[in-house]
Amino acid sequence: MERRMIVERLDPLIHPPARLQLLALLSDVSEMEFGTARDLLGVSDSVLSKHLAQLSDGGYIELRKATVNTRQRTWIACTAAGRNAFKSHVAALQALASGRAPSTD
0 MERRMIVERL DPLIHPPARL QLLALLSDVS EMEFGTARDL LGVSDSVLSK
50 HLAQLSDGGY IELRKATVNT RQRTWIACTA AGRNAFKSHV AALQALASGR
100 APSTD
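Below, the structure written as structure tokens:
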């Protein structure tokens, strides 16, 4: 597969580093609290909120709000579509780095 075709398989919604890192964090957990994600990514609340809005609009994550000890918390979960998109994006990145065609599974 030529490089142009590999680049076309990159997902522009996932490609920004903070979104890619967030989906990587979410890929191994059922959900993550907003503050934990913010701290692990090293971004501000507003930056994370903007990325979450984009990923939510794209159907890659779901947000759940809950009250814990009288404080409202936001929980982030990756959807099946988000997990599949992340897996495909990583495969395309690996193919681009190695010069081989990405797998289609």
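Each step along the sequence shown adds one to the number in numbering that gives the first Met the number 0, with nothing skipped, and position 72 is 71. We put the beta carbon where it would ideally sit given N, CA and C, even for glycine.
{"query": "Simplified DSSP assignment, three categories, for residue 7", "result": "helix"}
{"query": "Beta-carbon proximity of residue 53 to residue 40, cut-off 7 Å", "result": "no"}
{"query": "Given 8 Å, three or more beta-carbon pairs between the segment 4-23 and the segment 81-90", "result": "yes"}
{"query": "Residues near residue 18 in its chain [Cβ-Cβ closer than 8 Å; skip 5 each side]", "result": "12, 50, 53, 54"}
{"query": "Classification of residue 31 by the beta-carbon crowding that lies within 10 angstroms, buried from 16 upward", "result": "buried"}
{"query": "Cross-strand partners of residue 1 (DSSP beta bridge)", "result": "Note: residue 1 sits in no beta bridge, so no partner."}
{"query": "Separation of residue 22 from residue 61, as counted between CA atoms", "result": "12 Å"}
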